Amino acid sequence: MSEVVSYDREGAIGIITVNYPPVNALGHAVRTGLLEALKQGQTDNDAKMLLVVCEGRTFVAGADIREFGKPMQEPGLVTVINTFESSDKPVVAAIHGTALGGGLELALGCHYRIALDSARVGLPEVKLGLLPGAGGTQRLPRLTGAKKALEMITTGEFVKADDALEAGIIDAVAQGDNSRTIGLEYAAKLIAEDKPVRRVRDITDKISADQGTEVFEAFRNNLTAKARGLFSPFKCVDAVEAAFSLPFDEGMKRERELFIECMESPQRGGLVHAFFAEREVSKVPGLPKDTPVRDVKSVGVIGAGTMGGGIAMNFANAGIPVTIVELKQEALDKGLSVIRKNYESSAKKGRITTAQVEERMALIKTSLSYDDFKSVDLVIEAVFENMDIKKQIFGQLDKVCKPGAILASNTSTLDIDEIASATSRPEDVVGMHFFSPANVMKLLENVRGTKTSDEVKATVMALAKKIGKVGVMVGNCYGFVGNRMLHRRGAEATALVNEGASPQQVDKVLTDLGFPMGQFAMSDLAGIDVGYSIRKERRKSGEDIPANWMDTLAEEGRLGQKTMAGVYQYEEGNRKPVVDPKVDELIAGFRKEQGIEPRAITDQEILERCMYVMVNEGAKILEEGIADRSLDIDIVWIYGYGFPAYHGGPMFWADQVGVKTIYETVKRFHDTVGGDQWKPSELLAKLASENKKFGDL
């Protein structure tokens, strides 16, 4: 027998047990072992029914990532599942933890399914640019009907056990924590009821009900907006539709054809890179795995505005009490009102219960005094970008907070070391840069200062995971990783408009690449005043940043979506940007004042200047050690700035375009456009000369 799959029997029930830590992935040894155990169960004359269970914390949670990119060794998963489905003895799957991807497909190949009430199931292959390739697109709709199957397969989202029962994916849900016990009880019940083999492939009532309907065309139309630019979700629809238009075996062949198309799509490479990079960023180079982590049982937040309120929600969501401090009661009341409104909106959408709204609100306290931070384990400052104010705040925190409390700043650009200099404990000071809206955006850019202790670094990285964020550890410099690159792109985008492009042309080039919004629409969302404040701070520190037409917008009170006018104008209740002739006039006036004769600018030039300037800056960030790896930069941009995951992040994208191509173009812009932003990075030059990629570092 296989070392990772075993067979034994209790009474009339033959038990096939998978034990392949940590997640019982369907590697070659597991697939082989499953067939061996099934054969033993088939030949065991005393076994009337077979039960598939898994040891450890989960049922089979998908493919073995150690086999990604390698040729599939026989037996393949399709063969394994078809063999289970063809068993002449009924087979029950007892699910705990998660049954994902191939794990759920295996369960669908069994004849009956029971799950612990804490279990979840799903087919998340679309998140890797793929579709379920072992019958998931053919079997699932036979149980759920077209609509639910399409929703699950095109989003890759997980479904809770109770919802899976209602959808018909599983047959029973049981309370408890032992899948073997509940599986044995359920199998015994099926034997007592003389339940026969029931193959999903033969279930046709849901197929008949949805045949000839417009469900597939409607779903494709919906995906056009939701999955703009993506390849695999549309192939998923094609595959599910095959279940309704073809016999089962032909549908399986069609699923395989479409799976291969997805495998060959360049998007798969980007999504797989993003998948592995997200897991890798939690491992900080040079930070020992056994570094102690401080226990954060309570948190203080300074500022009840959009950022402060969103930050507080993250901790309340995780069951951690939060105290918010503001200067005025009016600001606290307004902030709490917005938090409640956000929670109630989530409850209306069914994401949380009304009871959870009250539980989370009860965890958020307010105060007008820093004295109420005396016992908290972590304080996060979230006031606007002004160094003098931040240093004043940290000086006060140093006096009030207990020894060992972590003092964090949500600054998006300012020097963490200078902020820390206002305290007597720089080892406890760190940057925790949340992204707006802080209760939604997944990225947490943790910024290490020169003296930040390893213990504090380890704590904020662990805390990111606890509150559902993707934490990335970066070094201290102006703008860190994300905003340093963004501001280069923003300056170049503005320069392109100065020279003759329109804001909407620049934005369209970026959205055509896959960004959810362009540079100027994003400025309107964030607030024109935010960038204006940053530029004023930089000018105050001696940087040569000339005035531009974006400054004029801020000075005229056109602050973006919050004032219904910025680079674009907006209608009440609608976030769609509308071109404003007044801005065109303002830009034309600025060009005239500066003596600029506008010229026609191609989309290709916009793409190169906006994107290659980011890549060049990213290379400098790597040179300086601000980011340890190119994948850190990729994850910052995917989860903080909406970089299309199917392109894998800016540095992965650069590798696909070609580092040498980018280097030569950067050199050309250095000669023609000029400016420090176009001075080629030494790392970029080195990689180009050696014909290497950022991924080779």
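The opening residue of the sequence shown carries number 240 in the working numbering; numbering runs sequentially from there. All C-beta atoms in this analysis are idealised placements derived from N, C-alpha and C, irrespective of residue type, glycine included. Everything numeric in this text was worked out from a predicted model, so none of it was measured.
Write down the C-beta distance between residue i and residue j rounded to the nearest angstrom, noting that I regard them as a contact closer than 8 angstroms.
i, j, result
"Gly574", "Phe673", "Their Cβ separation, rounded to whole angstroms, is 15 angstroms, which puts Gly574 and Phe673 out of contact at 8 angstroms."
"Gly301", "Leu339", "5 angstroms"
"Leu370", "Cys475", "5 angstroms"
"Val875", "Val622", "Rounded, the Cβ-Cβ distance is 23 angstroms, inconsistent with contact."
"Pro837", "Gly739", "4 angstroms"
"Ile645", "Val695", "6 angstroms"
"Val905", "Trp892", "The pair is not a contact, with the Cβ atoms about 15 angstroms apart (cut-off 8 angstroms)."
"Ala954", "Ile353", "Nothing can be reported for residue 954: it is not among the residues displayed for the chain, which extend from 240 to 936."
"Ala266", "Glu306", "A small fix is needed here, since residue 266 is Gly in this sequence, not Ala. Confirmed, Cβ separation roughly 6 angstroms."
"Pro363", "Val479", "Rounded, the Cβ-Cβ distance is 15 angstroms, inconsistent with contact."
"Ile334", "Leu355", "7 angstroms"
"Leu497", "Asp477", "6 angstroms"
"Ile655", "Val699", "In fact, because the Cβ distance is near 12 angstroms, the residues do not count as touching under 8 angstroms."
"Ala555", "Leu602", "4 angstroms"
"Gly539", "Gln377", "Rounded, the Cβ-Cβ distance is 54 angstroms, inconsistent with contact."
"Val896", "Phe933", "Incorrect: roughly 11 angstroms between the Cβ atoms, too far for contact."
"Gly341", "Leu316", "5 angstroms"
"Val912", "Ala701", "Between Ala701 and Val912 the Cβ distance is about 44 angstroms, and since that is not below 8 angstroms, they are no contact."
"Arg797", "Ile767", "6 angstroms"
Can you say whether residue i is buried or exposed, counting buried as having 16 or more other CB atoms within 10 angstroms of its CB?
i, result
"Asn722", "buried"
"Asp667", "buried"
"Phe470", "buried"
"Asn284", "exposed"
"Gly887", "buried"
"Pro527", "exposed"
"Met789", "buried"
"Gly857", "buried"
"Phe323", "buried"
"Val679", "exposed"
"Phe483", "buried"
"Leu725", "buried"
In the DSSP assignment, find the unbroken beta strand (DSSP E) run with residue i in it and report its ends.
i, result
"Gln808", "Gln808 to Glu810"
"Asn581", "It is not in any beta strand (DSSP E) - Asn581 instead sits in the alpha helix (DSSP H) that spans Gln568 to Lys587."
"Gly940", "What is shown of the chain runs 240 to 936, which leaves residue 940 out entirely."
"Lys931", "Careful: Lys931 lies outside any beta strand (DSSP E) and carries neither H nor E."
"Arg687", "Here Arg687 belongs to no beta strand (DSSP E), and DSSP marks it neither H nor E."
"Leu617", "Leu617 to Glu620"
"Arg814", "Asn813 to Val817"
"Val709", "Val709 to Val713"
"Val561", "Val561 to Val564"
Can you tell me where the alpha helix (DSSP H) with residue i in it begins and where it stops?
i, result
"Ile603", "Where Ile603 is concerned, there is no enclosing alpha helix (DSSP H), although the beta strand (DSSP E) it sits in stretches over Ile603 to Ser606."
"Leu846", "Asp842 to Glu862"
"Asp247", "First-last for Asp247: Val244 to Glu249, but that is the beta strand (DSSP E), not the alpha helix (DSSP H)."
"Asn284", "Premise fails: Asn284 is in no alpha helix (DSSP H) and is neither H nor E."
"Ser648", "Careful: Ser648 lies outside any alpha helix (DSSP H), inside the beta strand (DSSP E) at Ile645 to Ser648."
"Asn722", "Gly721 to Glu738"
"Lys906", "Val898 to Thr911"
Using alpha carbons as the reference points, say which of the options lies closest to residue i.
i, options, result
"Lys366", "Gln506, Met491 and Glu242", "Gln506"
"Ala884", "His726, Asp873 and Leu825", "Asp873"
"Ile619", "Lys681, Phe473, Ile541 and Met850", "Ile541"
"Ser663", "Lys630, Asp654 and Asn678", "Lys630"
"Gly280", "Val262, Val257, Met700 and Ile252", "Ile252"
"Ala866", "Ile628, Gly525, Val532 and Met789", "Gly525"
"Ala677", "Gly547, Met789 and Leu617", "Gly547"
"Phe487", "Val523, Arg868, Lys641 and Ala373", "Ala373"
"Tyr351", "Val291, Gly384 and Glu396", "Val291"
"Ser537", "Ala543, Ile563 and Gln744", "Ile563"
"Glu517", "Arg868, Ala786 and Asp894", "Arg868"
"Gln743", "Ala466, Phe514, Lys445 and Val818", "Val818"
"Ser447", "Arg797, Phe473, Ala385 and Asp401", "Ala385"
"Arg438", "Pro329, Val669, Ser675 and Asp303", "Pro329"
"Ala924", "Asn581, Leu870, Val854 and Gly914", "Val854"
"Gly509", "Phe882, His909, Thr911 and Leu926", "Phe882"
"Ile559", "Pro665, Asp611, Ile706 and Phe473", "Ile706"
"Gly914", "Ala701, Thr900, Val852 and Leu936", "Val852"
"Leu939", "Gly828, Ser920 and Glu847", "Any property of residue 939 remains undetermined from this structure, which presents the chain solely from 240 to 936."
"Ile877", "Ile658, Val720, Ile773 and Cys716", "Val720"
Is residue i close to chain B, meaning its C-beta is less than 8 angstroms from at least one C-beta of that chain?
i, result
"Ser447", "The structure shown contains no chain B, having only a single protein chain."
Quick one: does the C-beta of residue i sit closer than 7 angstroms to a heavy atom of the ligand HEM?
i, result
"Gly509", "Absence of the ligand HEM is noted for the structure shown, with no ligands found whatsoever."
Along the chain, which unbroken stretches of the alpha helix (DSSP H) at least 4 residues long are found entirely within the region 410-480?
418-431, 444-449 and 454-465
Which runs of the beta strand (DSSP E) at least 3 residues long sit entirely within the region 781-807? Give them in chain order.
none
Which ranges does the alpha helix (DSSP H) cover as unbroken runs of at least 4 residues, wholly within the region 476-556, from first to last along the chain?
487-503, 505-519 and 545-556
Runs of alpha helix (DSSP H) wholly within the region 319-402 (minimum 4 residues, chain order)
341-348, 375-383 and 385-394
Every unbroken alpha helix (DSSP H) within the region 255-306, with a cutoff of 4 residues, ordered by chain
267-282
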